[in-house]
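Novice: Under this note's numbering, think of the first position of the sequence shown as -15, with each following residue one higher.
Using N, Cα and C, we set each Cβ at its ideal position, and we do this for glycine too.
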Amino acid sequence: MQDNPITAWLDGLSLGGWRYYDSLGSTNDVALAWASEGAPDFALVVADTQTAGRGRLQRRWVTYPGAGLAFSLVLRPTSGESEYLARFSPLGAVAIRRALADRFGLAAEIKWPNDVLVARRKVAGVLTETAWLASTLHALVLGVGVNIRPAALPPPGELIFPATCVEDELGRSIDRWQVLRAILESLIAWRAQLGTAVFLQEWQTHLAFKNEWVRLDATGGKEQIGQVKGIASDGSLHLIDQDGKEFWVMVGDVHLRSMDEQAA
Ligand code: BT5
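As structure tokens, then:
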């Protein structure tokens, strides 16, 4: 592991250990397995390629070799943090967005619930999964996928939302492990704010599509149209419908309405 390219970039970070794989199925699966064997808090699994990377709702997340970041962290929420479990996915998005903005000058936004967009295209996604022992939370795994090089991008036909990568938006090449380090530092800093109003404010301030009309595809197939108003303290998306009535959505995908839909 000492010869691994990421060794130097992880220096000085308080990780609960780390494992690197050239190729694996899903870093979340390896992190969940490691968690069940007793991985400490903030143990890190990194892969160059995933053959079975997943997104939310059984969707696929594509990780091509040498082109992106795919990593998962084993987190052991404290009892205080356990009151805010639903904030761990947005924590990923808040931390990635902040790292891209502060360290690389990218005008990144958060697409509810936890995608990171640059120039209105998806640059990163987050998937958290939990492991329970009876009714006690045993571990939470926070998985992050970031497109760094153009070669990270799946063919447009595989995308439910337009995608981009860090290098295209920066206009120069970059060491992807530098981005990994920046995100890990940002995650450590923002995790400390998880239960605070500052965290909610950060999410709210950088929410994409504010005051725009969107189409929400909810699980279960019901589609709703609404104008985005913000994030509620429980993490749901707050919207107003065409009759001016407020509503909140807990699960779903946001799409900007096309001009055709707006005219309809
Ligand atoms: C996500 O899901 O965006 C969460 C992605 C989490 C991936 C990480 S990688 C490390 C860890 N290990 C895993 O197995 N997963 C995590 P969702 O919002 O459901 O978006 C999935 C959709 O994004 C797919 O249906 C595609 O349309 C699109 N997609 C797939 N690969 C992409 C990519 N590389 N860039 C942009 N969009 C992609």
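1. CB-CB under 8 Å to ILE251, same chain, minus the five flanking residues each way: which ones, in chain order?
2. The beta strand (DSSP E) that contains GLY127, what's its start and end?
3. Does the beta-carbon distance from ILE167 to ALA83 come in below 7 Å?
4. Using a Cβ cut-off of 7 Å (strictly closer), state whether ALA173 contacts chain B.
5. What's the gap between the Cα of ASP(-5) and the Cα of PRO(-11)?
6. Among VAL238, HIS239 and VAL212, which has the Cα closest to the Cα of GLY228?
7. Opposite VAL48 in the DSSP bridges: which residues?
8. Once the 5 residues before and after GLU151 are set aside, which same chain residues still bring their CB inside 8 Å of it?
9. So is the beta-carbon of LYS106 under 6 Å away from any non-hydrogen atom of ligand 1?
10. In this structure, does DSSP put GLN252 in helix, strand or coil?
11. Under the criterion of a Cβ to heavy atom distance below 6 Å, does TRP45 qualify as lining ligand 1?
12. In whole angstroms, what is the alpha-carbon distance linking SER119 and GLY155?
13. Would you decide whether HIS190 is buried or exposed? Buried here means 16 or more other CB atoms lie within 10 Å of its CB.
14. Would you say VAL233 and SER220 are within 7 Å of each other, going by their C-beta atoms?
15. Flag this pair as yes or no: are the beta carbons of LEU59 and LEU124 separated by less than 7 Å?
16. Examine ligand 1 and report whether any of its heavy atoms sits within less than 6 Å of the Cβ of SER7.
17. Are ARG105 and PRO138 close, meaning C-beta to C-beta below 7 Å?
18. Are the beta-carbon atoms belonging to ILE80 and ALA108 less than 7 Å from one another?
19. Mark ASP237 as exposed unless 16 or more other C-beta atoms lie within 10 angstroms of its C-beta, in which case mark it buried.
Specialist: The answer reads as follows:
1. Examination of residue 251 is not possible in this model, given that the chain is present from -15 through 248 alone.
2. 120 to 131
3. yes
4. No chain B is present in this structure, which holds just one protein chain.
5. 12 Å
6. VAL212
7. For the record, residue 48 in the displayed sequence is Tyr; it is not Val. According to DSSP, which records beta bridges pairwise, TYR48 is partnered with nothing at all.
8. ILE132, ARG133, PRO134, SER157 and ILE158
9. yes
10. Nothing about residue 252 can be read from this structure; the chain reaches only from -15 to 248.
11. yes
12. 48 Å
13. buried
14. yes
15. yes
16. no
17. no
18. yes
19. buried
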